[in-house]
């Protein structure tokens, strides 16, 4: 069974640019969550998508957005990049929908560096 | 507000020296408590989910336990390959699937 796939693995962008990251969840999983991981703040929740709808959102500015497609694949976008957006962005896949099994499985992440 | 505190921040053990990592939590109705292992530059690897006080789960040299206020990850006779950062996270009974993470315990096992 294939795991969670995130692309690209590494990105270098310039301040002011925008970036789009992609996540393909485990087959059959309908919930995709995004997290930002930095050395100072640890893992912080960005947002969750379930059945193409944003179900929950963390405390991040509107420059961070996302979407989910009908095949459950998800993308997140960061506009007007700032140096502080440099981080490891992680995607987590889970069955969702109130399933008893709520384990979340993470991808390898996208390392974003803003210069 | 949900809160997760992990201790110690870092732990160095000799190979074979057993120990425990602590995760104290405050959450408005616990749906699940999760343990993950994370190696440098990689995504967290799922280890366990615990749902109710008194529950225990084991996997190889690891055993996770849960009370109403904290969880312990016991490591028995660790090996160098157990070196990693261990993350604890809670999920509240809000219907959403987001996890609230602690800052982790960085474990180093010395041969």
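Chains as they are written, first to last, in my numbering: chain A, 139 to 253; chain B, 1249 to 1359.
From the three backbone atoms N, C-alpha and C, an ideal C-beta is built for every residue, glycine too.
Just so you know, these numbers come straight off a predicted model, no measurement behind them.
Taking C-beta pairs closer than 8 angstroms, name the residues in chain B that residue i reaches, listed in chain order.
{"i": "residue 166(A)", "result": "The contacting residues do not exist; residue 166(A) stays about 15 angstroms from chain B at best."}
{"i": "residue 171(A)", "result": "1345, 1346, 1347"}
Is DSSP giving residue i helix, strand or coil here?
{"i": "residue 219(A)", "result": "coil"}
{"i": "residue 1263(B)", "result": "coil"}
{"i": "residue 1329(B)", "result": "helix"}
{"i": "residue 1285(B)", "result": "strand"}
{"i": "residue 173(A)", "result": "strand"}
{"i": "residue 248(A)", "result": "strand"}
{"i": "residue 1308(B)", "result": "coil"}
Tell me whether residue i is buried or exposed, calling it buried when 16 or more other Cβ atoms sit within 10 Å of its Cβ.
{"i": "residue 186(A)", "result": "buried"}
{"i": "residue 212(A)", "result": "buried"}
{"i": "residue 207(A)", "result": "exposed"}
{"i": "residue 1297(B)", "result": "buried"}
{"i": "residue 1299(B)", "result": "exposed"}
{"i": "residue 1291(B)", "result": "buried"}
{"i": "residue 175(A)", "result": "buried"}
{"i": "residue 153(A)", "result": "exposed"}
{"i": "residue 1358(B)", "result": "exposed"}
How would you list, in chain order, the residues of chain B whose beta-carbon sits under 7 angstroms from the beta-carbon of residue i?
{"i": "residue 241(A)", "result": "1294, 1297"}
Listing by chain order, which chain A residues have their CB less than 8 angstroms from the CB of residue i?
{"i": "residue 1355(B)", "result": "Within 8 angstroms Cβ-Cβ: nothing; residue 1355(B) doesn't reach chain A, min ~16 angstroms."}
{"i": "residue 1259(B)", "result": "Those do not exist, as residue 1259(B) stays about 17 angstroms from chain A at its closest Cβ, beyond 8 angstroms."}
What does residue i reach in chain A if we use C-beta pairs closer than 9 angstroms?
{"i": "residue 1352(B)", "result": "180, 181"}
{"i": "residue 1339(B)", "result": "240, 242"}
If you follow the beta strand (DSSP E) that residue i is part of, which residue opens it and which one closes it?
{"i": "residue 1347(B)", "result": "Note, residue 1347(B): premise wrong, no beta strand (DSSP E); not H, not E."}
Which residues in chain B sit within 9 angstroms of residue i, going by Cβ to Cβ distance?
{"i": "residue 246(A)", "result": "1289, 1290, 1291"}
Positions along the stretch 1306-1333 of chain B whose CB lies within less than 7 angstroms of some CB in chain A: none
Interface residues of the stretch 1266-1298 of chain B facing chain A [CB-CB below 8 angstroms]: 1279, 1280, 1282, 1284, 1289, 1290, 1291, 1292, 1293, 1294, 1297
Under 7 angstroms (Cβ pairs) to chain B, residues found in the stretch 213-235 of chain A: 228, 232, 234
Against chain B: residues of the stretch 176-187 of chain A by CB proximity under 7 angstroms: 180, 181, 183, 186
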